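Taking it in order: structure first as structure tokens, then the write-up.
Numbering (the UniProt record's numbering), first residue to last: 1 to 575.
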């Protein structure tokens, strides 16, 4: 009996599906056995098997979960975010807002989110290099987006996505997304565990202790059995600790930005310093953002050297940070260090051209930027004009007129002790040997970037240190010149005073020992005495003495140099 062609085709399709499923199951079984060893090299081999399984069945849930957990164990957080980027709430919300028809509602919602945390009357916080309004993320809106996706695909998609992706987002610096994902995943896992409870006493709001972060092989143990590796915390405890750390960082950053917007720059610096100098390391991109905001606070407080140093750290962690390049260029222009300013502006122009060529902002799609793509052409035109103006200033000879007083943070006319103290503090803080100390408090998304980050940090710190040394030499030479001029002035004043004292002494000796002009005979003197006794009076004697003293005083004043007329009340004179 002949078989119909349609039946043969169906049998072939069925046989093809079954054969592919067997191959995928074989790959999954081999990957689980390799993952159970917890060896890094074995997990890398398991990833190759999982890639082969996903090439055959791209939407196979078990293979996706094993791959995501393996990447998370290998600390390849960027790969986890790229694998599950469709589930990142902020990226999903921005995509929905940009593609939705009701653009008015989305724009109204975004305008409500761009609020000032505290009122500020200080114009320095409204600088062009920084957005004056803090872009708050609406946690409730993110939760709505996540929960909407959960209820739509609750049966089709596993709940593991939210826990794995939340941990990856935390290590990538996406703190708001990480908090929403981890809270949602923890809530769903707790609800699932309660539904699967056998009796009422097994109800709990935490994860089962038998599930650990390293147990990604897919095998489950009975609830009564102890965990396989008791040295590690359970996944519930790890996620609870991670959530508390995320909330602490978000709270401190919010307080710092609120103080910065309110004009409390020292308070903002203190809050940002708590984040960047904390005991527990913070993610790389989150630290770069905090260094950038602290640089704005230092700039507003007039501390130029510290602001440049924070810009250097930001660019070491993120070389494509447009804000850091623009801020450092403006700082260098403030102190009239035009060659270095031109170098940063040329780098920024090259970055703008790269963005326009690639038609996208630098970095992956989930990376957070503070500039929009449609703003780049206008910024590039303004930047080109500014570069031409600075080149004309350099050609006119303004390169040597650097304001080192503003760089060091001193007033003009400061003393030598003030300069030495300020220079010592800056050298201790910005010494090139300590340029890489901040890396110890940074948690990197990819350890392969560590060497390049160290090189950039050392180079920028060395340039700043040389600029500080040059400024110290210039200010010290100015102070020494002022001190020498002051010594010459004091010496000339002392010589003039000594000459005046000698002249007065000579005049006094001359008037104390007068020489008689002519000698008179005793007879005539006796006659004169007899005549004077009969004709003179006491008033004439006093008048003669007064006239003689007035003449002496006039002679002394003319010798000293006081030739100015004396105000004399003539009605008081009796001569």
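The C-beta atom is built at its ideal place from N, Cα and C for all residues, glycine as well. Every value quoted in this text rests on a predicted model; they were computed, and no experiment measured them.
For the pair residue 269 and residue 288, the CB atoms are not nearer than the 7 Å cut-off.
In this structure, DSSP gives residue 290 a helical state, which the three-state scheme calls helix.
By the criterion of a C-beta distance shorter than 8 Å, residue 339 is surrounded in its chain by 394 and 399, once the five residues flanking it on both sides are discounted.
Fully contained in the region 313 to 368 are the following alpha helix (DSSP H) runs of length 4 or more, in chain order: 322 to 334 and 338 to 358. Cα atoms of residue 282 and residue 441: separation of roughly 7 Å, rounded to the nearest angstrom.
The secondary-structure analysis by DSSP pairs residue 418 with nothing; it has no beta-bridge partner. Taking 7 Å as the cut-off, the Cβ atoms of residue 161 and residue 71 do not count as close.
Shown here, residue 398 sits in coil according to DSSP, grouped into three states, outside any helix or strand. Looking at the DSSP output, residue 283 bridges to 443. In the three-state reduction of the DSSP assignment, residue 409 falls in the coil class, being assigned neither a helical nor a strand state.
The three-state reading of DSSP puts residue 62 in helix, counting H, G and I together. Taking C-beta atoms under 8 Å as the contact rule, residue 175 and residue 246 qualify, at a distance of about 5 Å. Remark: C-beta atoms of residue 240 and residue 177 do not approach each other more closely than 7 Å. The beta carbon of residue 349 lies closer than 8 Å to those of 380, 383, 384 and 387 in the same chain, with the five residues before and after it left out.
Secondary structure of residue 468 (DSSP, three-state): helix. Here residue 52 is not near residue 87, since their CB atoms are 7 Å or more apart. DSSP, reduced to helix, strand and coil, places residue 57 outside both helices and strands of the structure shown, so it counts as coil. By the Cβ rule, the region 343 to 358 does not count as touching the region 491 to 505, because fewer than three pairs are nearer than 8 Å.
For residue 271, the enclosing alpha helix (DSSP H) starts and ends at 265 to 276.
For residue 301, the three-state secondary structure derived from DSSP is coil. If you look at residue 88, you'll find it isn't in any alpha helix (DSSP H); DSSP assigns it neither H nor E. Residue 49 holds the alpha-carbon nearest to the alpha-carbon of residue 29 among 465, 39 and 49. With contacts defined as CB atoms closer than 7 Å, residue 173 and residue 285 qualify as a contacting pair.
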